[in-house]
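Number 124 in full-length UniProt numbering belongs to position 124 of the sequence shown; there are no gaps in the numbering.
Heads up, the beta-carbon is just placed ideally off N, CA and C, and yes, glycines get one too.
These numbers were taken from a predicted model, which means no experiment stands behind them.
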Amino acid sequence: MITPMRKLIKAMPEVAQRVFDRCLSYGQEKNPESKEFEITFDYEFLDDSYAHWITHAIKRSEESGSEHGSSSGSSYGGDDDDELRLPPDAQTYTADTNILKKNSPLFLMMLQIYQAKLNYLGWTNLIEWIVYVTALLLVISFNECQRTTGYRYDWQWHLGAVAIFLAWVDLVLFIQKFPRFGIYVVMFTDILFTFSQFFIVFFLFIIAFALAFYALFQNQV
């Protein structure tokens, strides 16, 4: 069985190690030489094959297989309908509402802003926020007509185009973290930044030549 954590260990072992480092909790005693020294290991991510969502998927697969005359299902796919709505018996990965709130993407982003403060205002984070806002404005229905027909205003499609473009730009910036492709992204960003500084002078040359040739050819028959 291939689980997300196992894929992470195989593809990005350094990131997986940092995840496991956060699964350690220490007791009151901080001295390792003391008899009261205590370390608690959380194997939730390491033994992810026993996670709640895995067992629930297996159970649903077996029930689906038994209904069709088979003893077990062939996959762990869900029973979502064509509109991608969850089935009535869908369960969360935990019943603790505090954990659900703390793991909310918006909460994590606000926590990141609180911890990083002004350092959070980097190009990558700003692009991500613009993508989130424009994507939300694209999918939100502002009246009953949009809710029933799926119609979108022209300005919503314009924002959607901006969201798609910036999402791919953000993907390029994310690829920069990989050693094999990062050097090419750095080269491209450095060249683009240098060109942006030189573009003002380059633009003046374009205007100068354009006006000069316009003056030369305007009275030609």
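Check, Outcome
"Of the listed residues M12, D42, V19, nearest to Y26 (C-alpha basis)", "D42"
"For A163 and V131, believed in contact at Cβ under 8 Å, the rounded distance", "5 Å"
"S34 - DSSP class collapsed to helix/strand/coil", "coil"
"Close-in-space but distant-in-sequence residues of the same chain around I9 (CB under 6 Å, 5 per side omitted)", "A16"
"Contact set for P105: own chain, Cβ-Cβ below 6 Å, skip 5 residues either direction", "none"
"Close Cβ partners of G182 (< 8 Å) along its chain, the five nearest in sequence each way excluded", "I175, Q176"
"Inter-stretch contact (C-beta, 8 Å, three-pair minimum) for the stretch 130-145 and the stretch 110-118", "no"
"N- and C-terminal bounds of the beta strand (DSSP E) containing S104", "Element bounds for S104: n/a, residue is neither H nor E."
"Simplified DSSP assignment, three categories, for F20", "helix"
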